[in-house]
Each structure stands twice: as structure tokens, then as C-alpha cells.
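Q: The sequence shown lines up with residues -22 to -1, 1 to 190 when you count with mature numbering (1 follows the signal peptide of the UniProt record, and there is no 0). We treat Cβ as the ideally placed atom computed from N, Cα and C, and that holds for glycine. Note that the coordinates shown come from a computational prediction; the quantities given were computed from them, not determined experimentally. Got a structure for you, written out below as C-alpha cells; questions coming shortly.
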Amino acid sequence: MKKTVFTLALAAVFIAASPAAVVDFGNVSDWESSTFTLGGLEFGSFTVLSSATGGGSEVDASGVAIKGEVDGDKVRLYFSGGWTADQGETVDTLINFDVTSLSAPIVGNTLRLDAYGVTGTGRALITENSIDDMDNIIANKLVYSRPSGVQNRDTADYSPGQMHVEITKNVFVGGGTDGLAHISGFSQSFVVPEPVTLAMLALGGLMIRRRR
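Shown next as C-alpha cells:
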């Protein structure tokens, strides 16, 4: 009987940790005055402000697509758009949105450049701040590709965990004097501990000890 219960406990853990299919949420413009929920997190209040110089093309809210998936304790959003700058051009876009947890506190956040490229003096980068309910910046991140090097992933922990954060990110591409730069995709993962998984793991450990 103990062996059967332990097997069921492990099965529950594996099911809880299995990634879900990628969900298409349309464009950012669809969520400026409404919200969507994914993996126990509610996303909403999206805004996009964009500017361009030197003949570059602005990227507005209808030009930024969102998809999402749940992967274990991570809730991941994928953003795609057409940030492109030729020689002498810049494109600068500010994206803001709110994240509210409907279950456990959010304890971490990872930003990643997924599809990008630069040549010559071109630069492609994203800066980001996480802001709590008291308007304090509790985390900041930077990912980039530029002549000095590449950092395509940055992670920050929230300590203490947060039930609500405002995310503000600045997406920038510039061609410089003799280069090109583009960003067509980036992703963001929020870490939320899974109470069911943690409980089942603890139960499994307890059963192992009892069996011994």
C-alpha cells in the first residue's frame, strides 16, 4: 500500500511539472484595458510608447505579439516584433504591464533575448525594472548585443516574494555610424513556487523515510 501511494505521489509531481502548450494571446493592443491569466498569474494594463530617429520605424502596440506557456514553476511570455535600425537610425520602445499572482508570491524573473542581431557599430538592448506596490524598484535587468559583447540573459530574484509587480522595459536598437541592429523576439519568465508540487515532494520524502 505504501509503495502504491508513493507512486501516485511521484506521478502527481511529474504531472504538475509538465509544460503546457504555447498559448497565442494576440497583440499587446488587445490587452491595454483587459487582462489574461496564465499559470496562476494575471497580466494586464499593457502600454507601448515608441519613438524613432533617422528614418527608423516605430513599433506600436499592434506590432508586438504575445504568446505564453507554463513550464513547471515558470510562467513564460514570448514577445515578438520588428525592431530594426539601419545606419544612423534608432528605434526606442517602452513597454509596461502589470503582473498579479493569484496563488503564491512571485520569487524571480528572467529576461532573455531570443532573436536578434547586430553588425558593425549596431546595438540591440533591453533594460527592465520591476516595481513593487510602494513604487520601489526591486529588481533591474539588462540584456544586449553590441560591439563590446553579448549578454542575452539576465535573472533577478524577488526577496521577499511579490504578489504584484509592475514591469517596465525599454527595447532599443541603433545602427550607429556604420552598422545594423534588430530584435525580433524576447521572452520573460516569472517564477512562482508550485504549492502542490512542493507538498507532494515533501510527502514523497516522508514516505521514503517511513518505508526505511
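In angstroms, rounded to a whole number, what distance separates the CA positions of D132 and T88?
A: Roughly 6 Å separates the two Cα atoms.
Q: Candidates V48, I116, P83 and V(-1): which alpha carbon is nearest S167's?
A: Considering only alpha carbons, the answer is V48.
Q: If we ignore side chains and look at the alpha-carbon of each, how far apart do T175 and D51 end up?
A: Low local confidence applies: a pLDDT of 45 at T175 is under 50, so the model's placement there is unreliable, with the coordinate-based value given in what follows. Looking at the two C-alpha atoms, the distance is approximately 9 Å.
Q: Any idea if G60 is buried or exposed, counting beta-carbon neighbours within 10 angstroms, 16 or more meaning buried?
A: That one is exposed.
Q: Per DSSP, what are the beta-bridge partners of D92 in this structure?
A: In the DSSP output, where bridge partners are listed per residue, D92 has none listed.
Q: What's the gap between the Cα of P125 and the Cα of G100?
A: Cα to Cα, the separation comes out at about 7 Å.
Q: Considering only DSSP beta bridges, list what I109 is partnered with.
A: Bridge partners of I109: I115 and E144.
Q: T97 and A19 - do their beta-carbons sit closer together than 8 Å?
A: Correcting the residue identity first, residue 19 is Leu in this sequence and not Ala. In this structure, T97 does not lie closer than 8 Å to L19 by Cβ.
Q: Can you name the residues that DSSP bridges to E36?
A: Partner(s): none; E36 has no beta bridge.
Q: Under 6 Å Cβ to Cβ from I73, same chain only, skipping five residues before and after it: list those, please.
A: Here the set comprises V26 and K147.
Q: Taking 8 Å as the limit between beta carbons, can you name the residues of its chain near P138, skipping five residues before and five after?
A: Counting only Cβ-Cβ distances below 8 Å, and skipping sequence neighbours, we find P83.
Q: Give every residue of the same chain whose Cβ lies closer than 6 Å to the Cβ of G17, excluding the five residues on either side of it in the sequence, and list them in chain order.
A: Correct list, in chain order: V48 and V53.
Q: I think N118 touches E106, with their Cβ atoms under 8 Å apart; what is that distance to the nearest whole Å?
A: Yes, N118 and E106 are in contact; Cβ-Cβ is about 6 Å, under 8 Å.
Q: Based on DSSP bridge pairs, tell me the residues matched to A159.
A: Bridge partners of A159: A63 and V96.
Q: Thinking C-beta only, is F24 closer than 8 Å to V1?
A: No, they are not a contact pair.
Q: Given a threshold of 16 other Cβ atoms within 10 Å of its Cβ, counted over all protein chains shown, does residue 191 qualify as buried or as exposed?
A: Only positions -22 to 190 of the chain appear in this structure, which leaves residue 191 out of reach.
Q: Assuming N130 and V143 form a contact by the criterion Cβ under 8 Å, report the distance between their Cβ atoms to the nearest whole angstrom.
A: Not really, about 22 Å apart at Cβ, beyond 8 Å.
Q: Once DSSP output is grouped into helix, strand and coil, what is the label at V121?
A: Strand, per DSSP.
Q: Go through its chain and collect everything with a Cβ distance to F150's Cβ below 6 Å, but skip five positions before and after it.
A: The residues are D70 and L103.
Q: If you draw a straight line from the alpha carbon of V170 to that of T155, how long is it in whole angstroms?
A: So the two alpha carbons sit approximately 43 Å from each other.
Q: Which term fits G33, buried or exposed, when burial requires 16 or more other beta carbons within 10 angstroms of its beta carbon?
A: So G33 counts as exposed.
Q: Using the beta-carbon count (16 or more within 10 Å), is G152 buried or exposed?
A: So G152 ends up on the buried side.
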